[in-house]
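Novice: Please see the structure below; I have some questions.
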Amino acid sequence: MIEIFNANPKTKTLKKVYSLYFRLKHYHAIAQFISHIVFEKNKSYDYFVYHYWNHDGVAIEYLMKRRFGFKSKKSFSRAHSIDLFHNDWPKGFVAFEKLKIKNLNFIYAISSLGLVYLINKFPEHKEKFKLSYLGVPD
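The sequence shown runs 1 to 138 under the working numbering.
So this is what it looks like as structure tokens:
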């Protein structure tokens with residue numbers, strides 16, 4: 001919750017709390033739906049979870065694990081721009097950033113700038129951060 005108060009000062013704190021509350025409520029509903037429909041019948045499978053964006057899906061997966069018993073072998077995501085840098089995000093801060101980093105096994109930045117940003121901002125998780133450019137080599 002501390003991340004709410006360290007965000008862009010132009011955004012009012014109460015608005016952030018209100019926004020995060022409804023976002024979390026929405027995440028919970030999706031996590032419950034996915035857990036019930038998809039994973040309830042397949043509890044014995046080992047899942048590898050890949051998130052193209054380090055965004056809502058990562059938080060939803062966290063809720064699936066925490067509230068509904070979902071288990072994944074490995075969970076990883078990419079980090080682009082809007083899901084990485086606070087200034088690029090419409091609300092002025094990236095919601096549940098620390099929770100998402102804690103939940104993932106690896107985060108693949110798509111640029112060296114993104115990798116350096118992650119390592120400098122979250123040095124305690126630097127072993128989780130890797131560089132992986134988009135596309136294929138020539």
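Even glycine gets a Cβ: it sits at the ideal position worked out from N, Cα and C. The structure displayed is predicted, hence computed values, not measured ones.
(1) DSSP three-state call for Tyr-133: helix, strand or coil?
(2) Given a threshold of 16 other Cβ atoms within 10 Å of its Cβ, counted over all protein chains shown, does Leu-113 qualify as buried or as exposed?
(3) I'd like to know if the segment 71-86 and the segment 16-24 are in contact, where contact means that at least 3 CB-CB pairs between them fall below 8 Å.
(4) Does Arg-78 pass the burial test, meaning 16 or more other C-beta atoms within 10 Å, or should it be called exposed?
(5) How should Asp-83 be labelled, buried or exposed, when 16 other C-beta atoms within 10 angstroms of its C-beta is the threshold for buried?
(6) Quick check on Ala-29: does DSSP put it in helix, strand or coil?
(7) Within its chain, find whatever has a CB closer than 7 Å to the CB of Val-58; leave out the 5 residues flanking it on each side and keep chain order.
(8) Would you give the residue range spanned by the beta strand (DSSP E) that Tyr-47 belongs to?
(9) Within the same chain, show all residues whose beta-carbon is closer than 7 Å to that of Leu-118, passing over the 5 residues directly before and after it, in chain order.
(10) Drop a sphere of 10 angstroms on the beta-carbon of Val-116, count the other beta-carbons inside from all chains shown, and report buried for 16 or more, exposed for fewer.
(11) Assuming the contact rule is C-beta atoms closer than 8 Å, Ala-31 and Leu-63 should be a hit. Round their C-beta distance to whole Å, please.
(12) Residues in its own chain within less than 7 Å of His-55 by CB, not counting five upstream and five downstream?
Specialist: For this structure:
(1) Coil at Tyr-133, not helix or strand.
(2) By the Cβ-count criterion, Leu-113 is exposed, with fewer than 16 other Cβ atoms from all chains shown falling within 10 Å of its own Cβ.
(3) Fewer than three beta-carbon pairs drawn from the segment 71-86 and the segment 16-24 are found closer than 8 Å, and the two stretches are therefore not classed as touching.
(4) That one is buried.
(5) Classification of Asp-83: buried, given that the 10 Å Cβ count is 16 or more.
(6) In the structure shown, Ala-29 sits in a helix (DSSP, three-state: H, G or I).
(7) Within the same chain, Val-58 has close Cβ partners His-51, Ser-77, Lys-100, Asn-103 and Leu-104.
(8) Note, Tyr-47: beta strand (DSSP E), 47-51.
(9) Excluding residues up to 5 positions away in sequence, Ala-79, Ile-107, Ala-109 and Phe-129 lie with their Cβ nearer than 7 Å to the Cβ of Leu-118 in the same chain.
(10) It counts as exposed.
(11) Yes, they are in contact, since the Cβ atoms of Ala-31 and Leu-63 sit about 4 Å apart, within 8 Å.
(12) Excluding sequence positions up to five before and after His-55, its CB lies within less than 7 Å of the CB of Asp-83, all in the same chain and listed in chain order.
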